[in-house]
Amino acid sequence: MGDEKKPKPVAIGVWPTIKPFVNGGASGMLATCVIQPIDMIKVRIQLGQGSAASVTSTMLKNEGVGAFYKGLSAGLLRQATYTTARLGTFRILTNKAIEANDGKPLPLYQKALCGLTAGAIGATVGSPADLALIRMQADATLPLAQRRNYTNAFQALYRIGADEGILSLWKGAGPTVVRAMALNMGMLASYDQSVEFFKDTVGLGEMTTVVV
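Residue numbers (the UniProt record's numbering): 1 to 212.
Structure (structure tokens):
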């Protein structure tokens with residue numbers, strides 16, 4: 001009896017409900033500001049423009065430093081939609097599951113199912129911004145006559161919807177959703193399981209587990 005885990009209290013109220021959405025979106029947008037140049041180089045490499053070193057030097061020489069941040073608005077919008085939705089949804093789902101489980105910690109498979117669902121929802125919501133990001137990053141590699149010259153993510157979304165139809169905003173959404181489901185099933189479930197292990201077994205707080 002002494003070894004049984006105490007039921008996990010579930011916070012209620014407006015802020016506890018929206019907190020995972022706000023924190024998720026903010027963290028994703030901050031990360032995008034840091035990694036955008038690396039992501040831009042990755043896209044150019046995938047388009048066959050050479051190694052990381054050659055792509056970097058060519059971009060600096062021909063397009064300037066600003067080229068590394070092309071598509072930043074779309075990247076931020078993607079995080080504001082995809083990451084906000086997936087992390088917020090995951091926490092809502094796990095909280096509901098804990099309530100249904102009488103406040104007891106969830107087994108790993110239930111966390112995995114919550115991550116799977118959250119990934120699917122997040123990818124569906126974020127797919128239009130992801131499409132805008134890819135097009136903006138790849139635009140400079142097209143011949144001049146074929147370039148779309150989107151000025152920002154919102155203009156890109158408007159033009160895609162107006163020129164190609166609203167449903168075209170979800171082009172490629174299928175593989176994106178499947179990838180997000182697999183990624184979040186493993187990542188979010190394993191993170192929650194690790195936090196639970198360090199808190200219950202080792203006695204560390206959640207902030208300490210992030211550092212670990």
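Here a beta-carbon is modelled for each residue, glycine too, at the ideal position from N, C-alpha and C. Fair warning: this is a prediction, and the values are worked out from it, not measured in the lab.
In chain order, what residues of the same chain have a beta carbon less than 6 Å from the beta carbon of residue i, not counting five sequence neighbours either side?
i, result
"residue 82", "122, 126"
"residue 192", "111"
What residue range is occupied by the uninterrupted alpha helix (DSSP H) comprising residue i?
i, result
"residue 96", "84-100"
"residue 73", "72-78"
From the options, pick the residue whose C-alpha is nearest to that of residue i; which is it?
i, options, result
"residue 68", "191, 48, 129, 33", "33"
"residue 128", "31, 48, 168", "168"
"residue 180", "119, 192, 142", "119"
"residue 58", "17, 76, 153, 41", "41"
"residue 151", "191, 133, 26, 163", "133"
"residue 136", "44, 188, 185, 52", "44"
For a test of the three-state rule: what should DSSP assign to residue i, helix, strand or coil?
i, result
"residue 151", "coil"
"residue 199", "helix"
"residue 164", "helix"
"residue 67", "helix"
"residue 51", "coil"
"residue 104", "coil"
"residue 19", "helix"
"residue 172", "coil"
"residue 133", "helix"
"residue 37", "helix"
"residue 128", "helix"
Assuming residue i and residue j form a contact by the criterion Cβ under 8 Å, report the distance between their Cβ atoms to the nearest whole angstrom.
i, j, result
"residue 98", "residue 106", "6 Å"
"residue 25", "residue 89", "The pair is not a contact, with the Cβ atoms about 12 Å apart (cut-off 8 Å)."
"residue 249", "residue 115", "With the chain covering 1 to 212 only, the question about residue 249 has no answer from this structure."
"residue 112", "residue 189", "4 Å"
"residue 141", "residue 49", "7 Å"
"residue 163", "residue 149", "No, residue 163 and residue 149 are not in contact; Cβ-Cβ is about 13 Å, not under 8 Å."
"residue 56", "residue 93", "The Cβ separation is near 41 Å, so there is no contact."
By Cβ distance below 7 Å, which residues in the same chain neighbour residue i in space, the five residues on each side in sequence not counted?
i, result
"residue 171", "131"
"residue 257", "Only positions 1 to 212 of the chain appear in this structure, which leaves residue 257 out of reach."
Apart from the five residues just before and just after residue i, which ones in its own chain have a Cβ nearer than 8 Å to its Cβ?
i, result
"residue 215", "Limits of the chain in this structure are 1 at one end and 212 at the other, which puts residue 215 out of reach."
"residue 18", "88"
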